[in-house]
Each structure stands twice: as structure tokens, then as C-alpha cells.
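Student: Using my numbering, the letters of the sequence shown correspond one by one to residues 147 to 551.
The following block contains the structure, expressed as C-alpha cells.
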Amino acid sequence: MRIELPKETERLGAVLIHGIQKVFELESGLETDLERPGNGLMIQRMPYEAENEIEKRMAIVIPMRNERIKLVEGVLTGIPNQCLTFIVSNSSRSPVDRFAIEKDAFERFARFTSKQIVLVHQKDPCLAEACRAAGYTAILDEKDGLIKSGKAEGMILAKLLVSLSGCRYIGFIDADNYFPGSVLEYVREYAAGFFIGKSNYIMVRISWHSKPKIIDDGLFFAKWGRTSRQTNHFLNMFIAAYTGFETDIIKTGNAGEHAMTMDLALTLDYSSGYSIEPNHFINIFERFGGLGGKSLSEEIIEKHVQIFQIESRNPHLHNVGKGEGHVEEMTCGAFQVISQSPLCPENIKKKLQQEIAVMQQEFPNSVKPVDYYPSLSGINETAFMEAIREQPYADVIQKCYKRKI
Ligand code: GDD
Ligand code: MG
């Protein structure tokens, strides 16, 4: 891959937010290939070997709920064989056991490709028990004792499992993506961020080049959706309130496609459902921004948290039409985590609260309060591993776990 280096960077304490980076080549050859002179200083080449080395240490997580299997098979096709793949499904089990059908299809896929796939169901009682044994009960539902529904809750469970596997990096890719080629591109862009980054705390967020839509019988390549436009706007206002300079640095407030080092993944606190991605920014500002009189540890100041935003080249086409109130649920989740931060400036908070109140009135069933979950640092991994030892999905993790200890 050949990628532009960040042209601008905003700094908030120990947090470096890099501006959008464009991709110039999806594949730029091998380490031994000679570079012609005149290669711009602002462009970084990531040889294939380097990419491959990073991907061997990267887990890719696919969160899914009731998606069409053909779509998910396409996503699996795009994930390089060297990445350990985790599928966290929250698909329904009755009246039709959709998970059983998924299991059959993905196991077959894994056999054909020799791909290492760990498939779990979010409502597996054994996983809830393992969370309990590990001392991480925040994501458990008080009513049934199982892991709560929600995309974030599935992702947090995945982080736990990936941590056991000893992978250094974790990347997320939605299951409802129509283009396997774009999936492969996202993985390469995650690797490029880790290749360029100079810290143990790195996050890579994808800004979709475009989202094709059919308008008046023709194709229109839209760049921004309603939710991301607004989330980016308020996050940028948040930063400007502290730096004193208006900015448009954040372009990936809602990025579902994102990756991070496991060091960072285990450090962050999380929030529920679709609010998890905008909350990454807020939580990073709260913990590493040095704001509100909070002093930072020397280790953090030295290392920085680096946030890369990479613009993908493939159009992003996913399953649209996820029901009434879906967009509002996502927008409202983002507004809640921004406005509820103790660091949120009063004027922004007021504006967001007004917007939330309007959405709550219009979509009372979709717009719910956000839950917050503590970080995964300090959980008892040995107890978690012990609790899932007999499960079929523990096999692959266990092999990797042994390598870890
Ligand atoms: N495990 C699990 N559990 N997965 C879930 C759940 C759940 O309860 N709910 C949804 N998912 C899966 C979906 O099947 C899909 O693969 C992925 O999470 C994203 O959900 P969508 O419902 O398709 O969301 P979207 O496409 O509207 O929004 C996506 O893009 C936004 C903008 O980048 C999401 O990734 C958002 O989080 C993101 O902000
Ligand atoms: Mg989607």
C-alpha cells in the first residue's frame, strides 16, 4: 500500500488526531523492489512483507445480527488468511435457529479456506459465566444474566476473546458489506496505520470514500450521512472549545470500521450500542487529553495516543433500511456520549440536549439512554479461559493463549 502521511495534526494533551490520509496504491510491491527516485516525502510505502507481518498479529472482528449469510461470506472472503477472524453473532435462535445455520456455513467456509475463525453467540450462557468469573459483569443483563444485546456489547466481548488470543491489534468490520474488495482494503489500511504509528496506543478509523445511492435512476456517490455529519461537527466544536481554534479535523466520528492496538483497547472505557465509536474520541480526550485539570502520567505523555483517519478508495455499500428510528438511535447515542462528558462545554451540551429531546419525542422506542462500561484492564483472564475451556470455540483461542503465557 502507498499512503499519504498526515498533513495536519490537532493535539490535545497526549492525543494526536491526524487529518485524513489518502491512499495512492492499494498494493505497492515487495520490500526488495527498487523505488524509482522522485518518490514524494509525504508518501509512505508499506511493502507487502511489512503488511503481512502486521496482519499476522491482527484479529478481525465481525459483529453481526440477523445478516444475510451470503453477505457475511463476502466479508470473510475479503479478510486475509493471516488474520485471526472472530465472528460475534447476536442472531435470533427461534423460531428459526439462525445461528445454527450461520455456524454450519462459516465452519464450511473455514474448512475450504483453512481460515481460523472463532464463532460465538453473544447470548451463550457460558460466555456470560466466563465474564462473571473474570470479574467483568458490567455488560451482563440484570434480568437474564446474559450478555446484553447491542453492537458495542458484542465488540467488548470480542475484545476479551482477542486479548486471550494474544493478538497485538484488533480491527472491526461490519457484516453487512456488499464488496469483499472494500473489506480487504480496510484491513490493509488498518495495517498501514499501525505501520506508520509510533506509539503503543494507536487507533485507525476509516472514512468511506463514498456511499453509492440510487437517485433519479442514476448512481450518486454520497460522502457524508446525516449522523456522521452531525457527530463530526460536535466533536470538532468540542476540540475547538479547548484549543481556541475552529477545526474540521474529525471526519470519522461514527466510524464503524476502525482498529486499535490491544494496549489501547484494554485501556479505554466503553459505552453501549452504536454510541461506542463516537465515545472512543470522548473517552480518549477524557483520559489522555490532560483536560479539566487532569494530569497525565509520564508514560502516556511520552508515548502519545495516535488517531489516524484513512480515506478508503472503494465505495462502501452496506445493507440499508434497518428500520424506523435506526439513524436517530445512532445520532442520539453519539449526542448523548458527547453531551454527558464532564468535559463537554456548556454551550455544546445545551445544544445537544435540545436535539436529543426532539428525537426522543419523535422516536421514543429507538432512542434510549446510553450505558457506560469500565475498561477491561485488570480482568481475570485465567478465570475467563478456564470457564470456556470445554467450548468448541475455545480451541483456536486456547492454542493462541498457550503461546501467550
Ligand atoms: N454482535 C452484534 N450484536 N452485532 C450487532 C448487533 C448486536 O446486538 N446489532 C448490530 N450488529 C451488527 C450488524 O449486524 C452489522 O454487522 C454491524 O453491527 C453494524 O450494524 P448496522 O445496523 O449495519 O449499522 P449501520 O450500518 O447503520 O451503522 C454502521 O456504520 C456506522 C457509521 O460508520 C455501524 O457500524 C455504526 O456503529 C457506525 O457508527
Ligand atoms: Mg450497516
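Note that CB positions come from ideal geometry on N, CA and C, so glycine has one too.
Measure from the alpha carbon of residue 206 to the alpha carbon of each residue in 544, 175, 373, 307, then state which is nearest.
Tutor: Checking every option, the nearest Cα to that of residue 206 belongs to 307.
Student: Closer than 8 Å by C-beta to residue 190: which residues in its own chain qualify, once you throw out the five before and the five after it? Chain order, please.
Tutor: Cβ within range, chain order: 148, 149, 150, 151, 338, 341, 342.
Student: Going by DSSP, what residue range makes up the beta strand (DSSP E) through residue 245?
Tutor: Premise fails: residue 245 lies in the alpha helix (DSSP H), 244-259, not in any beta strand (DSSP E).
Student: Going by DSSP, what residues sit across from residue 266 in a beta bridge?
Tutor: Beta-bridge pairing links residue 266 to 234.
Student: With residue 418 as the anchor, note down where its beta strand (DSSP E) starts and where it stops.
Tutor: Segment: none, residue 418 is in no beta strand (DSSP E) and carries neither H nor E.
Student: Going by DSSP in three states, residue 194 sits in which element: helix, strand or coil?
Tutor: Helix.
Student: Could you tell me which whole alpha helix (DSSP H) segments of length 4 or greater appear in the segment 148-194?
Tutor: Those alpha helix (DSSP H) runs which fall completely within the segment 148-194 and span 4+ residues do not exist here.
Student: In its own chain, which residues sit with a C-beta less than 7 Å from the C-beta of residue 446, not counting the 5 before and 5 after it?
Tutor: Contacts found: 160, 434.
Student: Within a Cβ cutoff of 6 Å, which residues of the same chain sit near residue 468, ignoring the five residues on either side of it in sequence?
Tutor: Here the set comprises nothing.
Student: For the segment 309-365, list the beta strand (DSSP E) runs that are entirely contained and at least 3 residues long, ordered along the chain.
Tutor: Within the segment 309-365, the complete beta strand (DSSP E) runs of at least 3 residues are 315-318, 347-353, 357-361.
Student: Using a threshold of 7 Å, state whether the C-beta atoms of residue 516 and residue 417 are closer than that.
Tutor: Their beta carbons are under 7 Å apart, which means residue 516 touches residue 417 by this criterion.
Student: Take residue 427 as the anchor and find which of 545, 163, 303, 257 has the nearest alpha-carbon.
Tutor: Comparing Cα positions, the closest option is 163.
Student: Check whether the Cβ atoms of residue 491 and residue 387 sit closer than 7 Å, and answer yes or no.
Tutor: Their beta carbons are under 7 Å apart, which means residue 491 touches residue 387 by this criterion.
Student: Name the residue from 255, 271, 296, 481 whose alpha carbon lies nearest to the alpha carbon of residue 537.
Tutor: Among 255, 271, 296, 481, the Cα nearest to that of residue 537 belongs to 271.
Student: The beta strand (DSSP E) that contains residue 215, what's its start and end?
Tutor: That residue, residue 215, is in no beta strand (DSSP E); its alpha helix (DSSP H) goes 215-224.
Student: Cβ-heavy atom distance between residue 464 and the ligand MG below 6 Å?
Tutor: It does: the Cβ of residue 464 is within 6 Å (strictly closer) of some heavy atom of the ligand MG.
Student: Return helix, strand or coil for residue 507, following the three-state DSSP convention.
Tutor: Here residue 507 sits in helix by DSSP.
Student: Measuring only the C-alpha atoms, how far is residue 324 from residue 354?
Tutor: Going by the C-alpha atoms only, they are around 14 Å apart.
Student: Note down the Cα distance separating residue 535 from residue 545, rounded to an integer number of angstroms.
Tutor: Using only the alpha carbons, I get a separation of about 11 Å.
Student: As a quick exercise: from 180, 221, 414, pick the residue whose alpha carbon is nearest that of residue 233.
Tutor: Minimum Cα distance to residue 233 is reached at 221.
Student: Please report the straight-line C-alpha distance between residue 246 and residue 282, rounded to a whole angstrom.
Tutor: Whole-angstrom Cα-Cα distance: 27 Å.
Student: In three-state terms, what does DSSP make of residue 518?
Tutor: Strand, per DSSP.
Student: CB residue 425 to CB residue 483, shorter than 7 Å?
Tutor: Cβ atoms of residue 425 and residue 483: closer than 7 Å.
Student: Ordered along the chain, which non-local residues of its own chain (more than five positions away) have a Cβ less than 8 Å from that of residue 309?
Tutor: These residues qualify, in order along the chain: 408, 411, 412, 522, 527.
Student: Have a look at residue 238 and residue 210 and give me their C-alpha separation to the nearest angstrom.
Tutor: Using only the alpha carbons, I get a separation of about 11 Å.
Student: Among 454, 223, 470, 204, which has the Cα closest to the Cα of residue 327?
Tutor: Selected option, being the one with the closest Cα: 223.
Student: Is the distance from the Cβ of residue 556 to the Cβ of residue 177 below 7 Å?
Tutor: With the chain running from 147 to 551 in the structure shown, residue 556 is simply not present.
Student: Report the three-state DSSP secondary structure of residue 241 (helix, strand or coil).
Tutor: Correct three-state label for residue 241: coil.
Student: Just to check my reading of the structure: residue 351 and residue 398 have Cβ atoms closer than 8 Å, yes? What is that Cβ distance to the nearest angstrom?
Tutor: Their Cβ separation, rounded to whole angstroms, is 4 Å, which keeps residue 351 and residue 398 in contact under 8 Å.
Student: Can you check whether the C-beta of residue 539 is within less than 7 Å of a C-beta belonging to chain B?
Tutor: In summary, chain B is missing from the structure at hand, where a single protein chain is found.
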